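Structure record follows, encoded as structure tokens.
In structure tokens form, the structure reads like this:
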């Protein structure tokens, strides 16, 4: 089967890996040149780590950091308000929570998608190829160059502003600035810069720097989040707030602002915390946080959505990239051993049953921090499961979901002869987390 994917981001590459290992020929059209990837960190939570490692993701080569916990800190006196240890996460959820530099994860996924030595036909990526329009019935996509490319299946993984959404829904459905928190600042600070300065080395002391720290000020709709990546050598800062000045509906991931803007937004935070920003932050990026409620369907004809095109999320739970990776896993398996191309719409319906409610539940939850409770609309997407009422239950909802198991269940209902592709998980060896504890995905599910 010939598959076209629009977008070589995290979800597009995950789909390419899964589809090539299911025996399909994959071509990706990416609008950028892939030489200016975002300098920020990203979560690799257990719900995807448990199959990314058997796929071939190398925690050592990727310089992943194993999170030791999540700690809520006072923004005014810097004391720990509440802590949640992650020492048992790998055992409970078959993988630890990792932190990665986004570029390192992206490069690893690209290698798995295109490496000639891996299982299946290597995916081909065409850069500087912007999609202008989609035709779900042919199916095809047309580039801004005027070239039209046809295939058996088209996957739109080209982000929150994908025009494929309107094509599938038959109406416009643009994302809007989020109401709860609509502005995000990101910047990186090296460990060396922090520890070499007597005024900022405090930031590396204690157990909290080994996990994720959150300084919430819910009354003023702002919070600061920090965790490390690249073997703890780089600290990733995310400042989330509500801003009257942020009214744009178009993201610019590379918009640089002066750090004085961040300091003004976070006036009232502890002087030592502000000193870290004022003396060490050098390249501050700002972009609007855009949200779109879950859409009723993801597919039409022989075309479907994946990643932010299907379910744009806010950063509060660190699941945006992970949900796109879950999409990718399910897509490949839903099209394993397809015999008749007339089945494509039916298999897309299976993919949607596997993914829509799961992604929608995390999408709705992403509007709020772990400490802010679950919104009422979450219940619609939980398929009968109770809404979480605590941080621990929110973590279980996110980390405990098994996309592989759910995909196998739905595909077996669709086709009782369904079987996993041979060699789909080539690295079924035990791994070791950052605490020295060995863990292994449930290999019986992966074979």
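In the numbering used here, the protein residues as written are 21 to 467.
The beta carbon of each residue, even a glycine, is placed where N, CA and C say it ideally should be.
Because the structure is a prediction, the values reported are computed rather than measured.
Ignoring anything shorter than 4 residues or poking outside the segment 397 to 437, list the alpha helix (DSSP H) runs there in chain order.
411 to 419, 423 to 434
Touch check for the segment 30 to 47 and the segment 183 to 198: three-plus C-beta pairs under 8 Å?
no
Apart from the five residues just before and just after residue 453, which ones in its own chain have a Cβ nearer than 7 Å to its Cβ?
For residue 453, the predicted structure reports a pLDDT of 47, less than 50, and the residue's modelled location is therefore unreliable. A value from the coordinates is still provided. Answer for residue 453: 86, 110, 116, 459, listed in chain order.
So, with DSSP's three-state summary, where would you put residue 454?
Low confidence applies here, because residue 454 scores a pLDDT of 45, under 50, leaving its location unreliable; read the following figure in that light. Residue state, collapsed to three classes: coil.
When you compare only the Cα positions, how much space is there between residue 436 and residue 331?
30 Å
So residue 233 and residue 91 are supposed to be a Cβ contact under 8 Å. How far apart are they, rounded?
5 Å
Neighbourhood of residue 275 by C-beta distance below 8 Å, restricted to the same chain and skipping five residues each side
305, 306, 307
Report the rounded CA-to-CA distance for residue 279 versus residue 95, giving the unit in angstroms.
18 Å
Would you mind working out which of 132, 421, 148, 77 sits nearest residue 54, comparing C-alpha positions?
148
Residue from 334, 167, 321, 82 with nearest C-alpha to residue 204:
334
Hey, residue 322 and residue 260 are a contact pair by Cβ (cut 8 Å); roughly how many whole angstroms apart?
Residue 322 to residue 260, Cβ: 38 Å. No contact.
Decide yes or no for the touch test of the segment 159 to 178 against the segment 210 to 226: beta carbon pairs closer than 8 Å, at least 3 of them.
no
Contact test: residue 203 Cβ vs the ligand SAH heavy atom, cutoff 7 Å:
Inclusion of the ligand SAH in the displayed structure is not the case, the ligand content being empty and no account of it being possible.
Straight-line CA distance for residue 345 to residue 107?
24 Å
Alpha carbon to alpha carbon, what distance is there between residue 228 and residue 100?
9 Å
Cβ shell of residue 434 (< 6 Å), same chain only, five flanking positions each side left out:
370
Within 10 angstroms of its Cβ, does residue 182 collect 16 or more other Cβ (buried), or is it exposed?
buried
Is residue 262 helix, strand or coil when you go by DSSP?
coil
Would DSSP call residue 63 helix, strand or coil?
strand
Residue 103: first and last residue of the uninterrupted alpha helix (DSSP H) it sits in
Segment 100 to 105 is the beta strand (DSSP E) holding residue 103; no alpha helix (DSSP H) there.
Nearest-angstrom beta carbon gap, residue 146 and residue 48 [assumed within contact, 8 Å]
7 Å
Between residue 419 and the rest of its own chain, which residues show a CB-CB distance below 6 Å, the 5 nearest in sequence each way excluded?
65, 66, 67, 113
State the beta-bridge partners of residue 175 as determined by DSSP.
25, 324
Is there contact between the segment 346 to 365 and the segment 419 to 432, where contact requires at least three CB pairs shorter than 8 Å?
yes
Please state the DSSP three-state secondary structure of residue 464.
At residue 464, the pLDDT of 44 sits below 50, so the modelled position is not reliable; the number obtained from the coordinates is stated separately. DSSP places residue 464 in helix when its eight states are reduced to three.
Option in 128, 50, 432 with minimal Cα separation from residue 78
128
Candidates 277, 63, 237: which alpha carbon is nearest residue 250's?
63
Can you tell me the Cβ-Cβ gap for residue 390 and residue 337, rounded? I've got them flagged as a contact below 8 Å.
7 Å
What does residue 75 pair with, by DSSP beta-bridge criteria?
Paired residues: none, contrary to the question.
Taking DSSP as the reference, what is the three-state secondary structure of residue 69?
helix
According to DSSP, is residue 354 helix, strand or coil?
helix
Can you check the segment 133 to 168 for any beta strand (DSSP E) of at least 3 residues that lies completely inside it and give the ranges in chain order?
144 to 146, 151 to 155, 160 to 163
Residue 355 and residue 380: beta carbons closer than 8 Å?
no
Out of 139, 161, 165, state which residue places its alpha-carbon closest to the alpha-carbon of residue 178.
161
On a Cα-Cα basis, can you pick out the residue from 89, 343, 141, 295 that is closest to residue 45?
141
Which one or two residues does DSSP pair with residue 93 in a beta bridge?
100
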